[in-house]
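First to last, the sequence lines map onto chains A and B. Numbers given in this note's numbering equal positions in the first sequence, counted from 1, plus 84. Numbers given in this note's numbering equal positions in the second sequence, counted from 1, plus 613. For glycine and all other residues, C-beta sits at the position ideal for the given N, C-alpha and C. As the structure is a computational prediction, the values presented were derived from the model and not from experiment.
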Amino acid sequence: MRIEDISKKSDQIIKIRQSDLLPLPYPYNNPEKDTAMRELSSDQRERYEASLDGVIGVGIQRPSSKAEEELFIHKFLSGLAKLFEKENNWTFLHPLYHSLEYCVKCQICNDSCPAYIASGRKEIYRPTYRPEVLRRIVDKYIKKKNRASLKLTGSDIELNWTLIARLGELAYRCTLCRKCTQACPLGIDNGLISHEIRKVFSQEMGIAPKELHEQGTVQQLKVGSSTGINPRALENIIEFMENDIEEKIGRKIKIPVDKKGAEILLLHNAGEFMSWPENTEAFAIIFDAAGIDWTLSSETVGYDAVNYGVWYDDIQLARVATRQAEIARNLGVKKINVGECGHAHKAMIVVADRVLTGDLNIPRESALPILRDIVVGDKIKLDSSRNNFPITLHDPCNMVRLMGIVEPQREILKKICPQFLEMEPHGVDNYCCGGGSGFAIMQSMNFPDWRSAVSGRIKLKQILEVFQDTISPDVKKYVCAPCSNCKGQIRDLLNYYNVWDECGIFYGGLAELIVNAMIDLEKPFIEWEWH
Amino acid sequence: MFEANTFSKSDLGLTMDIFLILLTCFAYIFILVAYSAKIVKYARMPIHLRWELFTATKTEKKPYHHGLTAFEAQPFQSSRWRLSNVWSFLKEYLWFHSYLSHDKTYWCFLYIAHIGFVSLIIFQAVCIATALGTFLAHDQTITAERATGSLVALRILLAIISFAAGIIGNIGLMVYRISHRDLRLYTPPLTFIGYCISICTCLIGFILLLTNDPHFSGYVLFFVGMFQIKPIAVSGLLGLFIFLNMLHLIYLPFTPGFHYVTRFFAFFNVLWDTRPNQKGSPVEKAIGQVMGKKITWSAPHIKSGQTWEQAAKHRS
């Protein structure tokens with residue numbers, strides 16, 4: 085295919101065939117064990133744009149009239165122009181200009197992209213494809229270059245509804261893991277291009293995946309959490325957690341809530357409360373045992389660390405971060421610590437650093453170094469033999485590649501897990517789990533199939549490879565993913581391929597492993613029950 | 614002897630010589646203005662959001678930090694980290710480290726082509742410096758002996774390196790880009806035109822060197838004439854060499870070639886911009902300024918006309 089084919093009407097630009105996908109190791113080297121992606125129904129195809137790759141992530145509805153189609157194009161161009169204005173896009177103007185103007189298309193970044201590699205190198209997933217399409221649109225419709233110049237710079241492209249809708253979907257085929265950016269010797273940020281396209285759709289056209297916007301940031305700001313947990317529900321959850329802890333460790337722990345002047349406001353991804361309460365319970369147990377002065381907040385937004393705005397909308401990002409900081413300020417805590425959630429780490433600690441000023445600029449840090457200090461500093465008694473099973477570590481892109489928090493989790497695992505194995509590559513060179521940038525929570529139509537079969541495939545390959553020596557389901561193995569979204573993606577990935585039954589590979593967080601090693605626990609904290 | 618001749622040519626020849634001088638002046642002024650404008654554009658970019666702490670990924674030993682804004686200044690602003698960044702930057706600048714690790718054949722041609730390009734610039738600088746020396750000596754009897762008298766060996770060496778490397782590197786890159794689908798698909802016609810200009814310039818330069826003007830004295834004299842605002846006749850071959858050379862200079866600002874400079878901004882001002890937002894710091898002041906800017910985004914959840922600060926505190 086040619087680059088300009090994106091604007092040509094066709095049933096589908098690419099087809100994802102099982103035979104094209106990256107081969108998996110044993111026992112999935114047998115194609116019969118591989119799972120085929122679900123096809124969209126004809127009704128779904130009629131209602132939504134699906135002609136990119138036969139997958140629907142955003143769900144862009146087809147226009148019902150010519151006027152609607154023209155308005156769609158007009159709004160896209162209007163938003164695109166705003167991307168290059170200091171007032172509207174100071175947030176990323178500099179890297180955007182640099183990335184669009186100075187990429188030499190050497191393709192050195194290609195091997196970094198999990199979706200591109202796993203798909204069998206489908207052109208549309210190439211890290212330079214989206215930027216090239218966007219550059220052509222900008223040259224022709226924003227900079228309005230003349231015809232000769234367009235020909236010389238290879239910028240001739242026809243802008244129509246089909247192209248824009250496909251581009252909108254394509255922006256959600258990149259996990260924003262930024263491994264391509266890391267590879268670029270010129271500092272080009274192709275991940276940023278996906279981010280900026282998403283912004284035009286959200287901030288100008290009002291189009292974003294509902295899991296990120298309506299059920300995400302909007303619900304979080306209104307109700308308190310993107311999970312739908314309101315402050316009252318949180319009270320019940322905390323009560324449940326306290327009872328559960330008592331049942332598991334044989335003593336009651338009072339989880340501090342809204343404690344004024346505490347040292348730490350701990351922000352958990354609220355998804356943990358819903359799906360993996362054992363992680364938030366583990367934090368409570370460890371902090372209690374180590375005598376940490378901490379608190380949770382019951383204020384709206386204050387008990388959910390997530391900030392989906394970081395993936396698609398700068399305004400929503402600023403709103404969530406500002407609210408979280410206001411809550412911390414009102415509580416009078418010394419600092420905010422973010423639990424096991426990668427994107428919340430980056431959003432709150434790094435990105436929000438250029439949003440929060442004055443008394444909202446409260447010190448913010450990761451919870452991992454606190455856990456590391458507790459474990460390595462022997463502040464609680466641990467017995468590594470309790471974790472004597474093969475364990476590997478997944479490095480969440482946001483906290484590892486993009487923040488440099490590489491060692492604390494490793495120091496912990498080396499101390500308490502005698503069979504700890506590194507997957508390759510790891511650390512800052514890791515591959516994304518395939519659920520980054522909101523994919524892990526996007527459940528639209530056949531999108532979950534795509535993120536398991538394509539964007540997460542390379543992670544599955546890494547996991548299977550690291551456990552090849554003990555791949556039998558008789559040996560229980562553990563993938564430690566200290567990030568809520570990564571954990572969700574790994575759960576879905578293992579589920580999709582039935583890896584728990586086939587290979588005995590389980591998943592979970594880091595704090596659970598620490599509690600599992602505590603010597604004063606009568607029974608194991610990790611229950612090895614698939615959920 | 615290569616005799617300087619200011620009057621012996623026909624009117625057409627004289628017109629061509631004047632044209633070459635004007636083209637040369639235009640090319641140098643054009644590239645200076647175009648690149649200066651780009652530098653100013655990038656230097657004046659507003660403060661941006663930090664999207665990562667990239668320092669960690671480009672250094673050999675990966676540290677961890679607490680992510681505590683107030684403490685970040687210590688490890689990430691230390692001279693050790695700065696040096697580490699400079700070193701990783703130099704590795705890319707000096708021997709294209711990433712290309713070398715990724716694709717040795719591509720690296721080979723790319724590196725040779727860049728050696729050719731840089732040598733050609735130095736070669737021109739040496740020619741201009743020699744001409745300037747001659748011009749400043751106020752000697753009206755310009756001869757090739759005087760013109761070739763200084764830096765001649767260096768000039769010839771640079772000419773040989775730049776022409777040979779320019780031909781090999783650019784032909785190699787052109788063939789490589791054409792023969793590899795993933796490169797061909799993304800290479801615009803302008804890039805191939807650039808390769809062709811470079812190859813032709815270097816080929817003609819070589820022919821000049823071998824047949825017509827082994828010391829490139831004519832080229833030096835051309836610049837002397839330019840400084841004197843008195844065109845000096847040049848041979849047809851040298852005229853073509855000058856024309857192509859200047860065309861190449863004019864072509865450059867239309868290409869991504871200025872990444873030599875913009876990548877400095879991209880790394881040091883964006884990817885490695887670890888300056889924390891500390892109370893009372895210039896960063897905080899700059900953030901205050903941009904948060905006061907009005908937005909005109911028009912999606913339903915955004916109130917157009919609000920400042921960023923107002924929008925951030927808006928709850929609905």
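Residues sharing a beta bridge with residue i, DSSP
{"i": "A/Ser450", "result": "A/Val422"}
{"i": "B/Thr920", "result": "B/Lys907"}
{"i": "A/Gln432", "result": "Per the sequence presented here, residue 432 of chain A reads as Met, with Gln not at that position. According to DSSP, which records beta bridges pairwise, A/Met432 is partnered with nothing at all."}
{"i": "B/Phe867", "result": "For B/Phe867, which the question treats as bridged, DSSP gives no partner whatsoever."}
{"i": "A/Ile348", "result": "A/Trp378, A/Lys419"}
{"i": "A/Leu477", "result": "A/Cys564"}
{"i": "A/Met602", "result": "A/Leu466"}
{"i": "A/Val341", "result": "A/Leu380"}
{"i": "A/Tyr132", "result": "A/Gln145"}
Coil, strand or helix - residue i by DSSP
{"i": "A/Leu466", "result": "strand"}
{"i": "B/Met658", "result": "coil"}
{"i": "A/Met487", "result": "coil"}
{"i": "A/Val439", "result": "coil"}
{"i": "A/Phe590", "result": "strand"}
{"i": "B/Tyr799", "result": "coil"}
{"i": "A/Tyr110", "result": "coil"}
{"i": "A/Tyr213", "result": "helix"}
{"i": "B/Tyr648", "result": "helix"}
{"i": "A/Tyr581", "result": "coil"}
{"i": "B/His927", "result": "coil"}
{"i": "B/Asn698", "result": "helix"}
{"i": "A/Arg335", "result": "coil"}
{"i": "A/Val612", "result": "In the sequence under discussion, the amino acid at residue 612 of chain A is Trp, which differs from the Val named in the question. Correct three-state label for A/Trp612: coil."}
{"i": "B/Trp664", "result": "coil"}
{"i": "B/Phe639", "result": "helix"}
{"i": "B/Ser711", "result": "helix"}
{"i": "B/Glu673", "result": "Per-residue confidence for B/Glu673 stands at a pLDDT of 43, beneath the threshold of 50, marking its modelled position as unreliable; the derived number appears in the next sentence. Reduced to three states, the DSSP call for B/Glu673 is coil."}
Own chain, CB closer than 6 Å to residue i, minus 5 neighbours either side, in chain order
{"i": "B/Ile855", "result": "Leu633"}
{"i": "B/Glu897", "result": "Asn890"}
{"i": "B/Leu627", "result": "none"}
{"i": "A/Val550", "result": "Thr476, Leu505, Met507"}
Cα-Cα separation between residue i and residue j, rounded to whole angstroms
{"i": "B/Ala925", "j": "A/Arg131", "result": "34 Å"}
{"i": "A/Leu106", "j": "A/Cys564", "result": "24 Å"}
{"i": "A/Asp397", "j": "A/Glu330", "result": "41 Å"}
{"i": "A/Ile589", "j": "A/Pro211", "result": "31 Å"}
{"i": "A/Ile333", "j": "B/Trp700", "result": "52 Å"}
{"i": "B/Ile631", "j": "A/His182", "result": "38 Å"}
{"i": "A/Lys465", "j": "A/Glu216", "result": "56 Å"}
{"i": "A/Leu455", "j": "A/Ala595", "result": "8 Å"}
{"i": "A/Ala134", "j": "A/Ile87", "result": "18 Å"}
{"i": "A/Gln573", "j": "A/Tyr112", "result": "19 Å"}
{"i": "A/Ala199", "j": "A/Ile100", "result": "11 Å"}
{"i": "B/Leu823", "j": "A/Trp245", "result": "59 Å"}
{"i": "A/Gln191", "j": "B/Arg794", "result": "11 Å"}
{"i": "A/Val390", "j": "A/Pro566", "result": "14 Å"}
{"i": "B/Phe615", "j": "B/Gly779", "result": "Because the pLDDT of B/Phe615 is 43, which lies under 50, any placement of that residue in the model is unreliable, and the number read from its coordinates should be weighed accordingly. For B/Phe615 and B/Gly779, the distance between alpha carbons rounds to 27 Å."}
{"i": "B/Gln923", "j": "A/Arg122", "result": "44 Å"}
{"i": "B/His927", "j": "A/Arg403", "result": "7 Å"}
Chain-order list of residues whose beta-carbon lies under 7 Å from that of residue i (same chain, five-residue window excluded)
{"i": "A/Met526", "result": "Gly141, Pro293, Glu295"}
{"i": "A/Gln503", "result": "Asn472, Phe473, Pro474, Ile475"}
{"i": "A/Asn600", "result": "Arg470, Asn471, Pro608, Phe609, Ile610"}
{"i": "A/Ile277", "result": "Ser183, Arg214, Pro215, Leu218"}
{"i": "A/Asp89", "result": "Ile97"}
{"i": "A/Lys560", "result": "Phe473, Gly588, Phe590, Trp612"}
{"i": "B/Met629", "result": "Gly852"}
{"i": "A/Phe160", "result": "Ile248, Val284, Met289"}
Residue i beta carbon near the ligand PLP (any heavy atom closer than 6 Å)
{"i": "A/Phe324", "result": "You won't find the ligand PLP in this model; it holds no ligand whatsoever."}
Proximal residues to residue i (C-beta, below 8 Å), its chain only, five neighbours per side dropped
{"i": "A/Pro453", "result": "Ile489, Pro492"}
{"i": "A/Ala374", "result": "Ile458, Lys463, Ile464"}
TODO: Return the chain-ordered ranges of every beta strand (DSSP E) run that is complete within the segment 504 to 570 of chain A and spans a minimum of 3 residues.
DONE: 561 to 564
Task: 4-residue-minimum alpha helix (DSSP H) runs that sit fully inside the segment 146 to 200 of chain A, ordered along the chain - done: 150 to 167, 170 to 173, 177 to 186
- [ ] Counting only runs of 4+ residues fully inside the segment 296 to 330 of chain A, write out the alpha helix (DSSP H) ranges in chain order.
- [x] As far as the segment 296 to 330 of chain A is concerned, its whole alpha helix (DSSP H) runs of at least 4 residues are 303 to 307.
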